[in-house]
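Numbering (the working numbering), first residue to last: 3 to 79.
Positions of the beta carbon are idealized from the N, C-alpha and C atoms, including for glycine.
A short worksheet on the structure shown next.
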Amino acid sequence: MNKSVDLNCDMGEIPEHIADGTQESLMPSLTSVNVACGGHAGDEASMRTTIQQAIRWKLAVGAHPGYPDRANFGGLN
């Protein structure tokens with residue numbers, strides 16, 4: 003029986019990690035990413051960049067929606 007593990011990571015949340023290459027440096031170790039969709043983190047540019055990076059590494063891409071509450075990182079506190 004073949005078994006596999008989906009190693010997933012939330013991405014596109016921290017602009018500095020996108021800009022300095024930290025985010026993409028994790029991608030060779032992953033099988034899928036969830037892209038922050040602009041509620042609690044991310045914006046159109048970060049979503050586009052994250053998806054382009056994931057495609058480059060042949061990763062599955064999912065959405066990571068959040069409440070529109072950036073101050074509390076989607077926690078609605």
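(request) Would you kindly check if the distance between the Cβ of ALA62 and the Cβ of SER34 is under 9 Å? (result) Here residue 34 corresponds to residue number 32 of the sequence shown, with the count starting at 1. Here residue 62 corresponds to residue number 60 of the sequence shown, with the count starting at 1. Closer than 9 Å, so yes.
(request) Report the rounded CA-to-CA distance for ALA73 versus HIS42, giving the unit in angstroms. (result) What you label residue 73 is simply residue 71 of the sequence shown in a count that begins at 1. What you label residue 42 is simply residue 40 of the sequence shown in a count that begins at 1. For ALA73 and HIS42, the distance between alpha carbons rounds to 8 Å.
(request) Might you give, ordered along the chain, the residues of its own chain that have their beta carbon closer than 8 Å to the beta carbon of ALA21, omitting 5 neighbours on each side? (result) Working through the sequence shown from its first residue, we reach residue 21 at position 19. There are no such residues.
(message) For a minimum of 4 consecutive residues, which ranges assigned as the alpha helix (DSSP H) are wholly contained in the segment 16-71?
(response) 17-21, 24-28, 46-58
(request) Leaving out five residues on either side along the sequence, give the residues of the same chain with a beta carbon under 6 Å from the beta carbon of ASN36. (result) The sequence position of residue 36 within the sequence shown is 34, counting from 1. Only ASP12, GLY64, HIS66 meet the Cβ criterion.
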